[in-house]
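Trainee: Dumping the structure here so I can ask a few things about it.
Numbering (this note's numbering), first residue to last: 1 to 868.
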């Protein structure tokens, strides 16, 4: 054990003061893009092809065409499903004509990107082709008397790709949560969606209503959260430490997940991987309009009241999108999520009653909620423009949530102005505000070259105010009205708990060097984030932290290539140079290899690295007075992570219309120079806390083994996933303090099925085994603040295993305009779990540490969706 006394991760938060600097770079970038002279349509589709084959399947025919035309096709399985075997016999025939003959597709359903031809992009809604109106290639079957789900094992993806392409052509192992799964789960935010994913844990903070992610045992600073390839502003930087409860599911089409270090492609803070949330870009029809109303119980609590006695969860959502022309589309979405809190036997936030419960000291101590009430508002708007050669999109998002945390204990208080006794309660109000502006452009512009440019301006912050409440009528008491100092109330209004503001830009340039053989990709990424960290709470009239404002600039440039060495072997090497304010240039390297063993099996070997730059708190935290000394460390080094993954994939049609997809993978992780909170002896006299700061000291080893299997058809979708994860090290302890790997096992299962009468059923199951970790407690408490501690108890602590099971059924009415879904979540009634020490020393009485808030019991929900 290291001889310094380590602290757990600090709970300090950041404050932001707006910068007056305008995002001129962003505006200039938009002007440059708008002035680009887009070249004429590619001649690839008009390329004459001579080809003759025997009787082959459509898939085999497309592969033969790829070789003859020197191109690559990306398409959904739905495009070739049901097509009969055929023979090809063409002489100097345009490629477009051949595709029309064998697939029935028109020019508007094809998008040419370099040497890639994407089949299945719908022609703009309402566009006339000949005497007919072509419908969307991915739409439901035309038979309106039959319902089916087109579960696609080979969707077009964007995460980790040079440009959009089919999943089975990706060099990375990409997990996709598709639209059907999202609809079946009926969740409201991304945090709730990811709860069902294996080796992804959501840490709920019920007091402030926040949700943070943990992937493969690593906290939220190691996973990058993206929306349409753009990092989402977190507490202190772009992309990491993101509150997932602030990301609404209003217009989410799918979620793509890559695990493992992705430093070359996505830069810093992607050691555990990336999660990319893909949103809607275009209406499926001429006009899409849907209205959702969802009512939920909170455990067994529910009513339709509007006062302080209200219970349950009440959700409303509106989505609208419209294709103005063949190329131009607009859309809006908005939602309200009103969570009335989980009472759990407490007395809520109403006016005082003598029936309230008392504690052992005789004080009224049952005011408030077990989970605090919270209401959230989300709004999105987009405008997109697309041609076969160019795609432009602007999207704006606004989010606001208001949470009230009621302190449990109340006390008598004499109002000075009114000269009367009242019962005093304390309320803490938290307001989370976020607004984003995203712009993206991508397309072709020179000799089959492909470019993509993304820009974003974002603000994110948490505001706080603390008020004394007269419980006679729940009115606020002005702090100047004689409130005692121990209540720590100040007369000001909302104070900034933390805030960040940032500009982000990313661009790539892809050029085929040897068509169909070698593509080279050059890219840049830069973000400038201004953060201000300060504390609103006070003690004895003093703030608990000195406000700090700094601007951090992070970025990088990278070069990578995809080399089709042979028809069965593809290599993607990559190199990236990262820079950050006050840091030396750090490099990341990657090498990904895909071996195509045969038409049904492939093998991937993925070697990747990533860094994690020190965040705002770790570098600039500051609170120093006569007895306290908390300082950041601007000399911290970046953390450096490495992963190696071997993954086997298999896919085949097991019977007509039934497809099987399986994968088996193992991943090894290593992180060095992990940043840890530490206490040194202070050089100043009278400092009771010692010098609290940060240092690079820890290391981490992780090992993950995972198996996935999916069986799908038009009528059903079954999947099962299992994993065994081992780790040495934690947020606070280094790998050398673990004598062996601690093991955690998990499993998930999903099943959706269409019964007669078009009744759809969905079931989601998750098992999490015992989660072990070591707890280090000093044998003897230090005699002086910051004194070195040399002896520790190393105690194994672990949670109980738990199971979660969700189930719902749905049915459509009135020509599928009205969809009714009802279900139950957390059927097994899981609530909180805690780490419990195993065989601690006899003098330790309280064996429970680190409680984890999972759920608030089983809940029932009813969702009505009306589509016009």
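By construction, the Cβ of each residue, glycine as well, lies at the ideal position given by its N, Cα and C atoms. Note that the coordinates shown come from a computational prediction; the quantities given were computed from them, not determined experimentally.
Can you check whether the CB of residue 768 is closer than 9 Å to the CB of residue 803?
Mentor: Yes, the Cβ-Cβ distance between residue 803 and residue 768 is below 9 Å.
Trainee: Among the candidates 386, 818, 823, 635, whose CA atom is the shortest distance from the CA of residue 809?
Mentor: Nearest option by C-alpha distance: 823.
Trainee: For the ligand GDP, is there any heavy atom lying closer than 8 Å to the beta carbon of residue 94?
Mentor: For the ligand GDP, the structure offers nothing, since it holds no ligand at all.
Trainee: Just tell me which of 94, 524, 169, 844 has its CA closest to the CA of residue 75.
Mentor: Looking at the Cα atoms, 169 is the closest of the given residues.
Trainee: Using 8 Å as the threshold, is the segment 425–433 in touch with the segment 462–472, meaning 3 or more CB pairs across them?
Mentor: In short, these stretches touch, since the Cβ pair count reaches three.
Trainee: Who are the Cβ neighbours of residue 776 in its own chain at under 8 Å, not counting the five residues just before and after it?
Mentor: 1, 6, 732, 733, 737, 792, 793, 794, 795.
Trainee: Exposed or buried, which one is residue 139 when buried takes at least 16 other CB atoms within 10 Å?
Mentor: Only weak support exists for where residue 139 lies, its pLDDT of 33 falling under 50; the value from the coordinates is given anyway. That one is exposed.
Trainee: Give the DSSP bridge partners of residue 75, in chain order.
Mentor: DSSP, once it has assigned bridges, lists 119 as partnering residue 75.
Trainee: For the alpha helix (DSSP H) that residue 263 lies in, which residues bound it at each end?
Mentor: Where residue 263 is concerned, the enclosing alpha helix (DSSP H) stretches over 263–266.
Trainee: Taking the CB atoms as reference points, tell me whether residue 872 and residue 158 lie closer together than 9 Å.
Mentor: The shown model of the chain, from 1 to 868, leaves out residue 872, and the question about it has no answer.
Trainee: Below 6 Å CB to CB, which residues in the same chain sit around residue 850 once its five sequence neighbours on both sides are set aside?
Mentor: Excluding residues within five positions, the ones whose Cβ falls inside 6 Å are 835.
Trainee: List the DSSP bridge partners of residue 55.
Mentor: Note: residue 55 sits in no beta bridge, so no partner.
Trainee: Use the C-beta contact count for residue 367: other C-beta atoms within 10 angstroms, 16 or more gives buried, fewer gives exposed.
Mentor: Residue 367 is buried by the Cβ-count criterion.
Trainee: Within 10 angstroms of its Cβ, does residue 820 collect 16 or more other Cβ (buried), or is it exposed?
Mentor: Its Cβ having fewer than 16 others within 10 Å, residue 820 is exposed.
Trainee: Helix, strand or coil for residue 140? Go by DSSP, reduced to three states.
Mentor: Because residue 140 sits at a pLDDT of 33, beneath the cut-off of 50, its placement in the model cannot be relied upon, and the following sentence gives the value as read from the coordinates. It is coil, neither helix nor strand.
Trainee: Would you check if the distance between the CB atom of residue 761 and the CB atom of residue 749 is smaller than 9 Å?
Mentor: No, these two residues do not count as a Cβ contact at 9 Å.
Trainee: Run through DSSP, which three-state label would residue 493 get?
Mentor: It is coil, neither helix nor strand.
Trainee: Please determine, among 255, 706, 415, 266, the residue with the shortest C-alpha to C-alpha distance to residue 280.
Mentor: The candidate whose alpha carbon is nearest that of residue 280 is 255.
Trainee: Judging by CA-CA distance, which residue of 585, 582, 641, 601 is the nearest neighbour of residue 608?
Mentor: Of the listed residues, the one whose Cα sits closest to residue 608 is 641.
Trainee: Could you spell out the range, first to last residue, of the alpha helix (DSSP H) harbouring residue 179?
Mentor: Here the alpha helix (DSSP H) through residue 179 covers 179–185.
Trainee: Smallest Cα separation from residue 557: which of 568, 577, 647?
Mentor: For residue 557, the nearest C-alpha among the options comes from 577.
Trainee: From the DSSP secondary-structure annotation, give me the bridge partner or partners of residue 749.
Mentor: Bridge partners of residue 749: 720, 765.
Trainee: How big is the Cα-Cα spacing for residue 753 and residue 759?
Mentor: So the alpha carbons of these two residues sit roughly 8 Å apart.
Trainee: Could you pull the DSSP bridge partners for residue 647 from this structure?
Mentor: 604, 665.
Trainee: With a threshold of 7 Å on Cβ separation, who are the neighbours of residue 832 within its own chain once the five nearest residues in sequence on each side are excluded?
Mentor: Same-chain partners within the cutoff: 851, 852, 853, 854.
Trainee: As a quick exercise: from 308, 300, 273, 582, pick the residue whose alpha carbon is nearest that of residue 620.
Mentor: That would be 582, whose Cα lies nearest to the Cα of residue 620.
Trainee: Could you check if residue 422 is buried or exposed, using at least 16 other CB atoms within 10 Å of its CB as the buried criterion?
Mentor: When all chains shown are included, residue 422 counts as buried.
Trainee: Give the secondary structure of residue 828 by DSSP, where H, G and I count as helix, E and B as strand, and everything else as coil.
Mentor: Here residue 828 sits in coil by DSSP.
Trainee: Tell me where the alpha helix (DSSP H) around residue 409 begins and ends.
Mentor: That residue, residue 409, is in no alpha helix (DSSP H); it is neither H nor E in DSSP.
Trainee: Which of helix, strand or coil does DSSP assign to residue 167?
Mentor: Three-state result, residue 167: helix.
Trainee: Which value, in whole angstroms, describes the spacing of the CA atoms of residue 597 and residue 743?
Mentor: Going by the C-alpha atoms only, they are around 32 Å apart.
Trainee: Which value, in whole angstroms, describes the spacing of the CA atoms of residue 84 and residue 54?
Mentor: So the alpha carbons of these two residues sit roughly 13 Å apart.
Trainee: How far does the alpha helix (DSSP H) with residue 100 in it reach, from first residue to last?
Mentor: Segment 95–103, the alpha helix (DSSP H) holding residue 100.
Trainee: Tell me the DSSP secondary structure of residue 921 in three-state form.
Mentor: Given that the chain is displayed from residue 1 to residue 868, the structure contains no residue 921 and the question cannot be resolved.
Trainee: List the endpoints of the continuous alpha helix (DSSP H) containing residue 619.
Mentor: Taken as a continuous stretch (DSSP letters only), the alpha helix (DSSP H) holding residue 619 covers 616–620.
Trainee: Is it true that the CB of residue 73 sits closer than 9 Å to the CB of residue 562?
Mentor: Not a contact, by the Cβ cut-off of 9 Å.
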